[in-house]
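Student: My questions all concern the structure below.
There are 2 protein chains.
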Amino acid sequence: MKKAVSTRLSILQKSFELIYTHGYQATSIDTIIATTNVTKGAFFYHFKNKDEMGLAVINEIMYPLMYADFVKPLLNSDDPANDIFKMMHYLLLENEFLLKKYGCPAGNLTQEMSPVNQQFSEALSKLTTELKEAMQIALKKGKDSGRIRPDINEEQVALFVLSGYWGIRNFGKLSEDNNYYVVYLKELKSYLNNLEKKEF
Amino acid sequence: MKKAVSTRLSILQKSFELIYTHGYQATSIDTIIATTNVTKGAFFYHFKNKDEMGLAVINEIMYPLMYADFVKPLLNSDDPANDIFKMMHYLLLENEFLLKKYGCPAGNLTQEMSPVNQQFSEALSKLTTELKEAMQIALKKGKDSGRIRPDINEEQVALFVLSGYWGIRNFGKLSEDNNYYVVYLKELKSYLNNLEKKEF
DNA sequence: CATAAAAGATACCGATTAGTATTCTTTACA
DNA sequence: TGTAAAGAATACTAATCGGTATCTTTTATG
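Residue numbers (UniProt numbering), protein chains in the order written: chain A, 1 to 200; chain B, 1 to 200.
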């Protein structure tokens with residue numbers, strides 16, 4: 001029961017990378033098994049079809065990754081405006097897996113698959129909602145502690161910030177350099193600053 | 001020379017709709033010719049391959065549409081904060097062609113094709129840059145007339161707003177109703193308000 | 001009207017797609 | 001250690017893909 005698990009996981013891991021860089025529909029099963037050295041028999045032993053594998057990528061690879069790297073830190077934040085900015089700065093300019101050229105894995109998959117496949121839509125919605133709610137909780141805590149202005153609406157802000165992130169990742173694809181990201185981050189900083197109480 | 005032009009145009013028009021609703025790579029030439037009642041011979045008479053057709057869709061359908069509906073109004077705006085909001089409100093809640101489920105045509109195509117095809121990337125970049133610069137010009141005019149705060153950075157704001165739009169269109173795909181759009185627009189209004197001089 | 005070019009129709013091609021059927025090998029455990 | 005089930009390998013299928021070759025029809029112009 002050890003080898004089998006690692007086979008399954010290597011399929012998911014490699015598929016995640018291929019889907020991220022090439023899109024879901026453009027990633028063929030033949031490509032996956034070729035780049036993982038897994039045979040078709042093994043692939044279809046672990047997944048009854050391609051979509052089941054795609055859903056497993058969301059639930060077993062993308063979700064845990066996002067939870068550990070972003071949801072958890074947000075839930076522990078005492079300085080939301082600053083921590084949100086740091087997170088975005090990290091995602092856009094520092095993270096070495098998320099290449100500018102390829103955008104955001106969750107954003108890409110949402111755009112491609114949510115109109116086509118209801119199950120994908122639900123899985124991605126869960127992922128996204130969790131991140132948004134974590135951000136809302138962080139903002140609420142910031143309100144309670146007095147750092148954040150009491151008149152802001154957490155849900156509005158969370159949605160606004162996450163939308164901006166997905167959008168700028170799309171802009172990023174159009175440029176060779178990081179200039180879009182740098183300009184975006186400046187305005188994000190100004191926007192987030194404005195959420196904080198002046199006396200802070 | 002009349003029928004031929006209309007054949008070509010009907011290919012482009014139908015392709016645009018199919019690409020918008022199904023994605024570029026998922027739209028096959030066979031599907032296009034089936035839904036347009038154009039034969040393969042006619043298709044390949046007008047376009048030497050699929051990508052040439054795709055580029056024509058961007059340049060001859062999407063670009064003029066965007067220019068007339070958004071660039072031009074922005075260039076004529078004397079009240080940028082208000083006009084940008086109205087434009088977004090129209091795009092998200094009123095326009096009947098842009099269905100929530102399918103996102104933004106330019107955003108979709110950018111996400112799918114810019115990592116894959118340099119020519120697509122350039123054509124889309126031109127489209128996007130033009131819109132962004134129109135917004136910057138409108139904001140600059142607003143600054144000059146005193147409506148807009150002199151300390152804001154037009155490029156930052158334009159990029160921030162357009163990113164938000166692309167992002168929220170992606171969010172929209174995940175929900176059945178318009179709630180995401182409504183929440184987003186509230187925060188956008190507050191953000192845009194903050195760009196205006198207080199005495200106004 | 002003749003004719004050449006423009007425009008369109010039809011049949012086909014090799015490659016690739018997701019998925020299946022069948023067989024072989026490894027592993028767990030009595 | 002024997003055996004059944006888990007896991008993996010191989011060979012195949014029908015459908016679809018973008019594109020081509022070849023042929024027919026329409027249109028513009030002398």
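Even for Gly, the Cβ is constructed at its ideal location relative to N, Cα and C.
(1) If you scan the stretch 123 to 177 of chain B from start to end, which runs of the alpha helix (DSSP H) of 4 or more residues do you find wholly inside it?
(2) Any beta carbon of chain A sitting closer than 8 Å to that of Met1 (chain B)?
(3) Put Glu96 (chain A) into one of helix, strand or coil per three-state DSSP.
(4) Do you know how far the Cα of Tyr63 (chain A) is from the Cα of Ser10 (chain A)?
(5) Could you have a look at Phe200 (chain B) and say whether DSSP puts it in helix, strand or coil?
(6) Since Met66 (chain A) and Leu127 (chain A) are thought to touch, with beta carbons under 8 Å apart, how far apart are those beta carbons, to the nearest angstrom?
(7) The alpha helix (DSSP H) that contains Tyr191 (chain B), what's its start and end?
(8) Would you report the Cα separation of Thr36 (chain A) and Leu92 (chain A), rounded to the nearest angstrom?
(9) Beta-carbon within less than 8 Å of Asn95 (chain B)'s beta-carbon, same chain only, minus the 5 sequence neighbours each way: which residues are those?
(10) Suppose the cutoff is 6 Å on Cβ atoms and the five residues either side in sequence are ignored; what does the same chain contact list for Ala134 (chain A) look like?
(11) With burial defined as no fewer than 16 other Cβ atoms inside 10 Å of the residue's Cβ, what is the status of Pro105 (chain A): buried or exposed?
(12) Which residues in chain A have a C-beta closer than 7 Å to the C-beta of Ile19 (chain B)? List them in chain order.
(13) Give me, in chain order, the residues of the same chain whose beta-carbon lies closer than 8 Å to that of Tyr20 (chain A); leave out the 5 immediate sequence neighbours on both sides.
(14) Taking DSSP as the reference, what is the three-state secondary structure of residue 204 (chain A)?
(15) Can you have a look at Phe97 (chain B) and say buried or exposed, based on whether 16 or more other CB atoms are within 10 angstroms of its CB?
(16) For Ala4 (chain A), which option in A:Phe47, A:Glu17, A:Leu124, A:Ser15 has the closest C-alpha, if you only look at C-alpha atoms?
(17) Where does Tyr90 (chain B) sit, in a helix, a strand or coil, going by DSSP?
(18) In terms of residue numbering, what span does the alpha helix (DSSP H) encompassing Gly54 (chain B) cover?
(19) Taking just the CA atoms, how far does Gly23 (chain A) sit from Asp151 (chain A)?
(20) Can you tell me the Cβ-Cβ gap for Lys173 (chain B) and Gln119 (chain A), rounded? I've got them flagged as a contact below 8 Å.
(21) By a C-beta neighbour count over all protein chains shown, 10 Å radius and 16 as the cutoff for buried, is Asn193 (chain A) buried or exposed?
(22) So, Met87 (chain B) versus Leu185 (chain B), is the Cβ gap smaller than 8 Å?
(23) Nearest to Ser163 (chain B) by CA position, among A:Phe160, A:Ile168, A:Val161, A:Leu162, is which residue?
(24) Tell me where the alpha helix (DSSP H) around Glu60 (chain A) begins and ends.
(25) Give every residue of the same chain whose Cβ lies closer than 6 Å to the Cβ of Val57 (chain A), excluding the five residues on either side of it in the sequence, and list them in chain order.
(26) Short check: CB of Ile32 (chain A) to CB of Leu55 (chain A), under 8 Å?
(27) Can the beta-carbon of Leu188 (chain B) be found less than 8 Å from the beta-carbon of Ala81 (chain B)?
(28) From Ser145 (chain B) to Asn170 (chain B), what does the alpha carbon distance come to, in whole angstroms?
(29) Taking 8 Å as the threshold (C-beta atoms), are Leu139 (chain B) and Ile148 (chain B) in contact?
(30) Quick one: Cα of Leu99 (chain A) to Cα of Lys2 (chain B), how far?
(31) Give a yes or no on whether the minimum CB-CB distance between Tyr191 (chain A) and chain B is below 8 Å.
(32) Nearest to Asn59 (chain B) by alpha carbon, out of B:Ser77, B:Ser175, B:Glu130?
(33) Skipping 5 residues on each side, what residues in its chain have a beta carbon closer than 8 Å to that of Phe43 (chain A)?
(34) Any idea what DSSP makes of Ala34 (chain B), helix, strand or coil?
Tutor: So, from the listed chains and residues:
(1) If one requires a minimum length of 4 residues, the alpha helix (DSSP H) runs lying completely within the stretch 123 to 177 of chain B are 154 to 172, in chain order.
(2) Residue placement at Met1 (chain B) is poorly supported in this model, since its pLDDT is 48, which falls under 50; the coordinates still yield a value, given next. No, no contact with chain A.
(3) Three-state result, Glu96 (chain A): coil.
(4) Their Cα atoms are separated by approximately 17 Å.
(5) Bear in mind that the predicted position of Phe200 (chain B) carries a pLDDT of just 47, short of 50, making it too unreliable to give a figure here.
(6) Taking C-beta atoms under 8 Å as the contact rule, Met66 (chain A) and Leu127 (chain A) qualify, at a distance of about 6 Å.
(7) Per DSSP, Tyr191 (chain B) belongs to the alpha helix (DSSP H) from 179 to 193.
(8) Their Cα atoms are separated by approximately 29 Å.
(9) Result list for Asn95 (chain B): empty, nothing under 8 Å.
(10) A distance below 6 Å between beta-carbons, with the five flanking residues on each side excluded, links Ala134 (chain A) to the following residues of its chain, in chain order: Val71, Leu74, Leu75.
(11) Classification for Pro105 (chain A): buried.
(12) Counting only Cβ-Cβ distances below 7 Å, Ile19 (chain B) has no contacts in chain A at all, with the closest Cβ about 12 Å away.
(13) The beta carbon of Tyr20 (chain A) sits closer than 8 Å to the beta carbons of Tyr102, Pro105, Asn108 from its chain, once the five residues preceding and following it are set aside; these are given in chain order.
(14) Only positions 1 to 200 of chain A appear in the structure, and residue 204 (chain A) is not among them; the question remains open.
(15) It counts as exposed.
(16) Distance check between Ala4 (chain A) and each of A:Phe47, A:Glu17, A:Leu124, A:Ser15 places A:Phe47 closest, using alpha-carbon atoms only.
(17) Residue state, collapsed to three classes: helix.
(18) For Gly54 (chain B), the uninterrupted alpha helix (DSSP H) segment begins and ends at 50 to 56.
(19) Distance between the alpha carbons of Asp151 (chain A) and Gly23 (chain A) is about 41 Å.
(20) The beta carbons of Lys173 (chain B) and Gln119 (chain A) sit about 14 Å from each other, so the pair does not count as a contact at 8 Å.
(21) Exposed, by the Cβ-count rule.
(22) Not closer than 8 Å, so no.
(23) Checking every option, the nearest Cα to that of Ser163 (chain B) belongs to A:Ile168.
(24) Boundaries for Glu60 (chain A): no alpha helix (DSSP H) harbours it, and the DSSP string shows neither H nor E there.
(25) Taken in chain order, the residues that qualify are Leu12, Ser15, Phe16.
(26) Not a contact, by the Cβ cut-off of 8 Å.
(27) For the 8 Å CB-CB criterion, Leu188 (chain B) and Ala81 (chain B) do not form a contact.
(28) Ser145 (chain B) and Asn170 (chain B) have their C-alpha atoms roughly 35 Å apart.
(29) Against a cut-off of 8 Å, the Cβ pair of Leu139 (chain B) and Ile148 (chain B) comes out as a contact.
(30) Looking at the backbone, the Cα of Leu99 (chain A) and that of Lys2 (chain B) are separated by about 47 Å.
(31) Yes - at least one Cβ of chain B is within 8 Å of the one on Tyr191 (chain A).
(32) Ranking the options by Cα distance to Asn59 (chain B), first place goes to B:Glu130.
(33) Cβ neighbours of Phe43 (chain A) beyond the five flanking positions: Ile11, Ile29, Ile32, Ile33, Met53.
(34) Note: Ala34 (chain B) maps to helix in three-state DSSP.
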